[in-house]
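Following: one structure in structure tokens, then a few remarks.
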Amino acid sequence: MKIGIIIGSIRDGRFGGAVGKWVKEAADARASEGFTYEVLDLREFDVPLLTAATPPMGADKQYDDENVTRWSKAVDSCDGFVFVTAEYNRGVPGAFKNAYDNLGKEWQGKPVAFASYGGREGLRSVEQWRQILNAFEQFGVQSQVSLSIFKDADDDGFNPQEHRAAELEAMLEDLEGVLRKMDS
10 MKIGIIIGSI RDGRFGGAVG KWVKEAADAR ASEGFTYEVL DLREFDVPLL
60 TAATPPMGAD KQYDDENVTR WSKAVDSCDG FVFVTAEYNR GVPGAFKNAY
110 DNLGKEWQGK PVAFASYGGR EGLRSVEQWR QILNAFEQFG VQSQVSLSIF
160 KDADDDGFNP QEHRAAELEA MLEDLEGVLR KMDS
């Protein structure tokens, strides 16, 4: 099964790129049988603002914009996700929400785990994502990693506190466990 690690911030100087790399390295080190992980960096897809007249759920994975089509294929190829999400102004990042809204059936029923970050560890962003996931009958696994841009960084950049590795391991195990149950 394939799990997409979506880096949801496209800002210059973002913290999310380092977090996504950390999640990928930990996932690869697990070498869980039957699971592969792929980073989907939203910055690389250049998803336009949602302006299509056809609602994405009714588009049946057929989009007019080539960047949305590439994004659609990448998301559709995954069985589950780790959302690496910032908290911007007490909510989800706008570019990430827009990219999510540009698709429909590609998300349907697929579980999500969260690695969030921000001044308050991205907790409010995850709260909002958990509500948003209901639109496509998705659900978020309970365990998550919530990183502080103050405590999990130093002068050299991203440097997670020691206990974060165990939190990440538990989150990945929970996500894989959900996917195993769904597959049986």
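Using the numbering used here, read the sequence shown as starting at 10 and increasing by one per residue.
Glycine is no exception: its CB is placed at the ideal position from the N, C-alpha and C atoms.
Helix, strand or coil at L49 according to DSSP, with G and I counted as helix: The answer is strand: DSSP assigns L49 an E or B state.
Of the residues W116, A108, R79, the one placed nearest F90, counting alpha carbons only: Selected option, being the one with the closest Cα: W116.
Buried versus exposed call for S134 [16 or more other C-beta atoms within 10 Å across all chains shown]: By the neighbour-count definition (other C-beta atoms within 10 Å, threshold 16), S134 is a buried residue.
S134: first and last residue of the uninterrupted alpha helix (DSSP H) it sits in: Taken as a continuous stretch (DSSP letters only), the alpha helix (DSSP H) holding S134 covers 132-141.
Local Cβ density within 10 Å of T78, reported as buried at 16 or more and exposed below that: By the 10 Å Cβ count, T78 comes out exposed.
Cross-strand partners of A124 (DSSP beta bridge): A124 is bridged to V93, V154.
Of the residues S152, K190, S157, the one placed nearest A175, counting alpha carbons only: Comparing Cα positions, the closest option is S152.
Sequence-distant residues of the same chain with beta carbon closer than 7 Å to N111, five excluded per side: Hits under 7 Å: V56, L59, P65, V77, W80.
Within 9 Å, strictly: CB atoms of C87 and I12: In this structure, I12 lies closer than 9 Å to C87 by Cβ.
Where the beta strand (DSSP E) through K70 begins and ends: Membership of K70 in any beta strand (DSSP E) is not indicated, and neither H nor E is assigned to it by DSSP.
Proximity below 9 Å, CB of E96 to CB of L132: Yes.
Range covered by the beta strand (DSSP E) that runs through K160: Annotation for K160: no beta strand (DSSP E) segment contains it, and DSSP assigns it neither H nor E.
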